Amino acid sequence: MALCLPGYYGPKELAVILTALTDMFVKTKILTINLCAPQSFSQYLTQVLVPETAILDLLQRILIIFP
Numbered sequence: 450m451a452l453c454l455p456g457y458y459g460p461k462e463l464a465v466i467l468t469a470l471t472d473m474f475v476k477t478k479i480l481t482i483n484l485c486a487p488q489s490f491s492q493y494l495t496q497v498l499v500p501e502t503a504i505l506d507l508l509q510r511i512l513i514i515f516p
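So in our numbering, spot 29 of the sequence shown is number 478, and the numbers just go up one at a time.
Listed below in structure tokens is the structure:
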């Protein structure tokens, strides 16, 4: 599998997004191992939820600049 890089936001922002998503979904038990299957929590967060969060954040920023 290819190395997963943080992309646009960089490693510090990746850590912030991961912490927020972990607090929102893992610690509250909203995200269960069954929902992540066949991936682990960390794989699902970094490969699915972080990119989706980044896309939504970028779209919101673009809509603020170009309403």
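Ideal Cβ placement from N, Cα and C applies to all residues, glycine included.
In this text, all values refer to a predicted model and were calculated from it rather than measured experimentally.
Per DSSP, the unbroken alpha helix (DSSP H) holding Ala464 starts and ends at Gly459 to Leu470. Collapsing the DSSP output to three states places Thr477 in coil. Contact between Val497 and Ile466 does not hold, since their C-beta atoms are separated by about 12 Å, which reaches or exceeds 8 Å. Secondary structure of Phe490 (DSSP, three-state): helix.
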